[in-house]
Amino acid sequence: MTAWKPIASETPATAEHGFSPAFEVARPETEHDTPPTPLVFASPHSGRLYPPDMMAAARLDTQDLRGSEDAFVDDLIGDAPALGVCVIRARLARAYIDLNRDAWELDPAMFEDALPDFAQARTARVAAGLGAIARLAGEGRPIYARKLTFAEAKVRIETAHRPYHDALDRLLAQARNAHGLAILVDWHSMPAAAARGHRARGGGPCDIVLGDRFGAACGPKLTGLMEKTLEGLGYRVARNAPYAGGYTTEHYGRPARRTHAIQVEINRALYMNETTREPTEGLARLKTDIEAVTRQLAGTDWAELL
460 MTAWKPIASE TPATAEHGFS PAFEVARPET EHDTPPTPLV FASPHSGRLY
510 PPDMMAAARL DTQDLRGSED AFVDDLIGDA PALGVCVIRA RLARAYIDLN
560 RDAWELDPAM FEDALPDFAQ ARTARVAAGL GAIARLAGEG RPIYARKLTF
610 AEAKVRIETA HRPYHDALDR LLAQARNAHG LAILVDWHSM PAAAARGHRA
660 RGGGPCDIVL GDRFGAACGP KLTGLMEKTL EGLGYRVARN APYAGGYTTE
710 HYGRPARRTH AIQVEINRAL YMNETTREPT EGLARLKTDI EAVTRQLAGT
760 DWAELL
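For the sequence shown, the residue numbers in this note's numbering are 460 to 765.
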């Protein structure tokens, strides 16, 4: 249980389109390949790859697009497999395909051809330009110089979004089979400006937001334990505001079906310079503290969540 063992997600389709693998899974090493804990960590927005087909259609360069990345979040949770936690992390950039959206949450105005009825989503995220394929980057700038085709969207969904969620679903099923339940922690980061606009429970701007869909996505023991542990480490914690949990938390968080999900949003100012996107000295401390949280979760008896 002490080694990091990446499992690449290469498929013929991802190799053909030049972004192999689209994501990676890291499992704890065990004798019988059985997950030693019910925990699965996910980092869907930390990918750094911008495939050529996207950049050929884009008006912005990669530096302009990188502001939407949850930079370094995959590094922050990178030691989790050594503590008995399975980890899945994206390699493709969020601007290419947002894995924390419904696959068909698309904006018809972005496409030159008509979308199928099932893909014409009218959600607040699409209206904001942040569907499964984002229309806008930071500061509201349009990403693309031309309209896309539905065929282009379908490639992104079938070669990246669908395989990622198929793999995540399998990890959760394996945890349930081994432990009677699965616990998904979906890790993200948030701009400091978003954190400043919301107060933590103890006062002051929040450092970390725990999103459990207002209690619908997981049992109260999970949220309460994470909150208590983080506050004990000195962090200011808020619940469900400004982020209550996205598609992943909502889709997988089914306590009645023995799967609990929680989203964690970390204030980027804690560990990076948002202008240069370089890590600061805070990265090492935060990584150590997340390891402490992981140890606490891995050592908990979750029988009460069953």
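Beta carbons: idealized from backbone N, C-alpha and C, even for Gly.
Distance CB(residue i)-CB(residue j) smaller than 9 Å
i	j	result
GLY590	ALA580	yes
PRO803	LEU565	The question about residue 803 has no answer, for the chain in this structure spans 460 to 765.
ASP671	CYS677	yes
VAL752	HIS647	no
ALA568	ARG594	yes
GLY506	GLU490	no
ILE536	ILE749	yes
VAL723	VAL644	yes
ALA539	PHE482	no
ARG698	GLU686	yes
ASP557	ILE592	yes
Beta-bridge partners of residue i, as assigned by DSSP
i	result
ARG698	LEU669
ASN559	Answer by DSSP bridge pairing: none, since ASN559 is not bridged.
THR718	ALA641 and ARG713
GLN579	LEU565
ALA501	ILE547 and ASP645
MET731	PRO738
GLU528	Its beta-bridge partners do not exist; DSSP assigns none.
ARG584	Paired residues: none, contrary to the question.
TYR603	ALA517
Nearest-angstrom beta carbon gap, residue j and residue i [assumed within contact, 8 Å]
i	j	result
ILE642	LEU681	6 Å
ARG560	SER502	In fact, because the Cβ distance is near 15 Å, the residues do not count as touching under 8 Å.
ILE616	ALA562	5 Å
ALA659	ARG695	3 Å
PHE570	PHE609	6 Å
Local conformation of residue i per DSSP, three classes
i	result
PHE570	strand
ARG550	coil
PRO510	coil
GLU598	helix
TYR706	helix
VAL544	coil
ALA751	helix
LEU689	helix
PHE609	helix
ARG660	coil
ARG744	helix
ILE536	coil
GLU724	strand
THR682	helix
Residue i beta carbon near the ligand MG (any heavy atom closer than 8 Å)
i	result
ASP557	With respect to the ligand MG, the structure shown offers nothing to examine, as it has no ligands at all.
Is the stretch 488-507 touching the stretch 535-545 in the sense that three or more CB pairs, one from each, lie closer than 8 Å? With a cut-off of 8 Å, the stretch 488-507 and the stretch 535-545 count as touching, because enough Cβ pairs lie within range.
State whether the stretch 513-522 contacts the stretch 594-605, with contact taken as three or more CB pairs (one from each stretch) at a distance under 8 Å. yes
Between the stretch 731-739 and the stretch 678-698, do three or more beta carbon pairs fall short of 8 Å? The stretch 731-739 vs the stretch 678-698: no contact.
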